[in-house]
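A.B. asks: Got a structure for you, questions after.
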Amino acid sequence: MMRTAGQDERASLNVSGTSSVYGVWGYPVKHSRSPAMHNAAFAEMGLNAVYVPFEVEPALIAAAIDGVRALGICGINITVPLKELAAACLPDLDPVSQRLGVVNTIVNRAGNLTGYSTDGPGFMWAIKSLGWPASGQVVHILGAGGSARAVADSLAEAGNRLLIANRTRERAQDLAAQVNKHFPGQAEVVAWGTSVEPADLIVNTTSVGMHPNEGDCPPVDAELLRSRPRVYDLIYAPEETRLLSNAKQYGCDISNGLGMLVYQGALSLSLWLDRPVDTIPVLAMEHAVRNTIAAK
Ligand code: NDP
Numbered sequence: 098m099m100r101t102a103g104q105d106e107r108a109s110l111n112v113s114g115t116s117s118v119y120g121v122w123g124y125p126v127k128h129s130r131s132p133a134m135h136n137a138a139f140a141e142m143g144l145n146a147v148y149v150p151f152e153v154e155p156a157l158i159a160a161a162i163d164g165v166r167a168l169g170i171c172g173i174n175i176t177v178p179l180k181e182l183a184a185a186c187l188p189d190l191d192p193v194s195q196r197l198g199v200v201n202t203i204v205n206r207a208g209n210l211t212g213y214s215t216d217g218p219g220f221m222w223a224i225k226s227l228g229w230p231a232s233g234q235v236v237h238i239l240g241a242g243g244s245a246r247a248v249a250d251s252l253a254e255a256g257n258r259l260l261i262a263n264r265t266r267e268r269a270q271d272l273a274a275q276v277n278k279h280f281p282g283q284a285e286v287v288a289w290g291t292s293v294e295p296a297d298l299i300v301n302t303t304s305v306g307m308h309p310n311e312g313d314c315p316p317v318d319a320e321l322l323r324s325r326p327r328v329y330d331l332i333y334a335p336e337e338t339r340l341l342s343n344a345k346q347y348g349c350d351i352s353n354g355l356g357m358l359v360y361q362g363a364l365s366l367s368l369w370l371d372r373p374v375d376t377i378p379v380l381a382m383e384h385a386v387r388n389t390i391a392a393k
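For the numbering used here, count along the sequence shown from 1 and bump the result up by 97.
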């Protein structure tokens, strides 16, 4: 979609002929918080780099990937609905992307493109940063969409047992089968809304309760909350979903998905810049995302 210069007064960046270019592809992409987050990181690190959104039609994904090479774009993030399509067009995928068949990050190393998937690793980093145990846990996953796949894969790889519940049971079965293909016996399907199987951690990967439907809540049996599992909601707007406030009333430790968003971005940056993750300014990135949420 074409934009006219000056339509967005906030877009005042120092860009020169020597700036490195990064970006995010989506369809649509205008909701993405990644430009604010990554440009804040570049500014904090004092890098001559710019990160821009591109609305890419799914049918043009192969041309867009050729464009990365042709234009010398250094790195790209990929969001819905392009993650699977992009993976199919890339010559090299990291092991996580190979298992999942999706990418959310492309790294351009002198014209050689490699695809990565940092959503699951970003989720694991978020859990660890909260001081929550990240292995040997029983994890109840609500949902079986794209984010559930990434989260389930990384949780299984870290040695957790997964109980997967989804409104559409067949999708939960597909996800459990995909996990068990790579990590045998680690995933099973449980009933949506009525499961009382005890868990150490509940992860909501559904969009239920997301702005503007703040009043909605995925069904979680009170019995399950009574044993005070930790509860992580991938949603970060609103800051506290109905699910999280319910869980808090039962004395559960809770977290929204802001950490996952920031850490998956920080992992992409670390790959693009070939720098250790602990040198990435995650606080500046989090601050930038919070500002975009407050501005809505
Ligand atoms: P998908 O569209 O791939 O999956 C959506 C999931 O939500 C499916 O399991 C779907 O169930 C379920 N769902 C949707 N509506 C309902 C409903 N009314 N009742 C019950 N279940 C429902 O989306 P994603 O996995 O990409 O994203 C899901 C959420 O995670 C979004 O809120 C997104 O913003 C958030 N997210 C956060 C990230 C972060 O970094 N914090 C990263 C990625 C996503 P069914 O199969 O039955 O349709």
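From the three backbone atoms N, C-alpha and C, an ideal C-beta is built for every residue, glycine too.
The structure presented is a predicted model; accordingly, all values stated were derived computationally and were not measured.
Who pairs with VAL165 in a beta bridge, going by DSSP?
C.D. replies: As a working note, residue 165 is residue 68 in the sequence shown. In DSSP, VAL165 forms no bridge with anything.
A.B. asks: Am I right that VAL287 and LEU260 are in contact with their C-beta atoms under 8 Å? What's the rounded C-beta distance?
C.D. replies: Stepping through the sequence shown from its first residue, residue 287 is reached at position 190. Stepping through the sequence shown from its first residue, residue 260 is reached at position 163. VAL287 to LEU260, Cβ: 5 Å. Contact.
A.B. asks: Should SER232 go down as buried or exposed, given a rule of 16 or more other Cβ atoms within 10 Å for buried?
C.D. replies: Here residue 232 corresponds to residue number 135 of the sequence shown, with the count starting at 1. Burial call: exposed.
A.B. asks: Please state whether the Cβ-Cβ distance between ALA344 and VAL328 is less than 8 Å.
C.D. replies: Here residue 344 corresponds to residue number 247 of the sequence shown, with the count starting at 1. Here residue 328 corresponds to residue number 231 of the sequence shown, with the count starting at 1. Contact: yes.
A.B. asks: Output needed for HIS237: all residues of its chain with C-beta closer than 6 Å, excluding positions within five of it in sequence on either side, in chain order.
C.D. replies: By 1-based counting over the sequence shown, the position of residue 237 is 140. Counting only Cβ-Cβ distances below 6 Å, and skipping sequence neighbours, we find LEU260, ALA296, ILE299.
A.B. asks: Taking CYS349 as the reference, which of SER194, PRO335, GLU320 has the closest Cα?
C.D. replies: Taking the first residue of the sequence shown as 1, we reach residue 349 at position 252. Here the closest residue by C-alpha is GLU320.
A.B. asks: Rounded to whole angstroms, how far is the Cβ of GLY219 from the Cβ of SER194, which I believe are closer than 8 Å?
C.D. replies: On the sequence shown, position 122 is the one that residue 219 refers to. On the sequence shown, position 97 is the one that residue 194 refers to. With 8 Å as the limit, GLY219 and SER194 do not qualify as a contact, their Cβ atoms being about 14 Å apart.
A.B. asks: Leaving aside the five residues before and after THR303 along the sequence, list all residues of the same chain whose C-beta is less than 6 Å from its C-beta, in chain order.
C.D. replies: One-based indexing of the sequence shown puts residue 303 at position 206. Here the set comprises LEU239, GLY240, PRO315.
A.B. asks: Select from ILE170, GLU141, ALA140 the residue whose C-alpha is nearest the C-alpha of PHE151.
C.D. replies: Taking the sequence shown and counting its residues from 1, one reaches residue 151 at position 54. The residue with the shortest Cα to Cα distance from PHE151 is ILE170.
A.B. asks: Is GLY217 near the ligand NDP, with its Cβ less than 7 Å from a heavy atom?
C.D. replies: For the purposes of this step, residue 217 is taken as residue 120 along the sequence shown, with counting starting at 1. Not under cutoff, so the answer is no.
A.B. asks: Please state if the CB of LEU197 and the CB of ARG246 are separated by a distance shorter than 8 Å.
C.D. replies: For the purposes of this step, residue 246 is taken as residue 149 along the sequence shown, with counting starting at 1. For the purposes of this step, residue 197 is taken as residue 100 along the sequence shown, with counting starting at 1. Against a cut-off of 8 Å, the Cβ pair of LEU197 and ARG246 comes out as a contact.
A.B. asks: How should THR101 be labelled, buried or exposed, when 16 other C-beta atoms within 10 angstroms of its C-beta is the threshold for buried?
C.D. replies: The residue given as residue 101 occupies position 4 in the sequence shown. At THR101 the pLDDT is 44, less than 50, meaning the model places this residue with poor confidence and gives no usable figure here.
A.B. asks: CB of ASN205 to nearest heavy atom of the ligand NDP: below 7 Å?
C.D. replies: By one-based count along the sequence shown, residue 205 stands at place 108. Every heavy atom of the ligand NDP is 7 Å or more from the Cβ of ASN205, so no.
A.B. asks: Should ALA241 be flagged as near chain D, meaning a C-beta pair shorter than 8 Å?
C.D. replies: Judged by its chain identifiers, the structure shown contains no chain D, having just a single protein chain.
A.B. asks: Take GLY208 and list the residues in its own chain whose beta-carbon comes closer than 7 Å to its own, dropping the five residues that flank it on each side.
C.D. replies: As a working note, residue 208 is residue 111 in the sequence shown. Here the set comprises ARG166.
A.B. asks: What residues in its chain sit with their C-beta under 6 Å from that of ALA108, if we drop five residues either side in the sequence?
C.D. replies: Within the sequence shown, the letter at position 11 stands for residue 108. Per-residue confidence for ALA108 stands at a pLDDT of 47, beneath the threshold of 50, marking its modelled position as unreliable; no derived number is given.
A.B. asks: Please confirm whether ASN353 and LEU341 have their CB atoms less than 8 Å apart.
C.D. replies: Residue numbering aside, residue 353 sits at position 256 when the sequence shown is read from its first letter. Residue numbering aside, residue 341 sits at position 244 when the sequence shown is read from its first letter. Cβ distance < 8 Å, so ASN353 and LEU341 count as in contact.
A.B. asks: Are the stretch 177-187 and the stretch 134-150 touching by the rule of at least three beta carbon pairs closer than 8 Å?
C.D. replies: These segments do not touch.
A.B. asks: Output the boundary residues of the beta strand (DSSP E) element that contains ASN136.
C.D. replies: Along the sequence shown, one-based indexing puts residue 136 at 39. Per DSSP, ASN136 belongs to no beta strand (DSSP E); it is in the alpha helix (DSSP H), 131-142.
A.B. asks: Confirm the yes/no value for this check: CB of ASN263, any heavy atom of the ligand NDP, distance under 7 Å.
C.D. replies: Locating residue 263 in the sequence shown gives position 166, counting from the first residue. Within the cutoff, so yes.
A.B. asks: Pick from VAL248, GLY242, ALA253, ASP250: whose alpha carbon is nearest that of ALA269?
C.D. replies: Along the sequence shown, one-based indexing puts residue 269 at 172. The shortest Cα separation from ALA269 among VAL248, GLY242, ALA253, ASP250 belongs to GLY242.
A.B. asks: Counting only the same chain and skipping the five closest in sequence on each side, list residues whose C-beta sits under 8 Å from that of THR381.
C.D. replies: Taking the sequence shown and counting its residues from 1, one reaches residue 381 at position 284. A small fix is needed here, since residue 381 is Ala in this sequence, not Thr. ALA137, ALA138, ALA140, GLU141, listed in sequence order.
A.B. asks: Mind checking which residues open and close the beta strand (DSSP E) that includes GLY120?
C.D. replies: Taking the sequence shown and counting its residues from 1, one reaches residue 120 at position 23. Here the beta strand (DSSP E) through GLY120 covers 117-123.
A.B. asks: Quick one: give me the first and last residue of the beta strand (DSSP E) that LEU355 is part of.
C.D. replies: Translated into the one-based positions of the sequence shown, residue 355 becomes position 258. Taken as a continuous stretch (DSSP letters only), LEU355 belongs to no beta strand (DSSP E), being part of the alpha helix (DSSP H) at 355-370.
A.B. asks: Got a sec? Which residues, its chain only, sit under 6 Å from GLN234 by beta carbon, not counting five neighbours each side?
C.D. replies: Indexing the sequence shown from 1 puts residue 234 at position 137. Taken in chain order, the residues that qualify are ASN257, ASP297, LEU298.
A.B. asks: Please confirm whether any heavy atom of the ligand NDP lies closer than 7 Å to the CB of PRO132.
C.D. replies: For the purposes of this step, residue 132 is taken as the residue at position 35 of the sequence shown. Checking the Cβ of PRO132 against the ligand NDP gives no.
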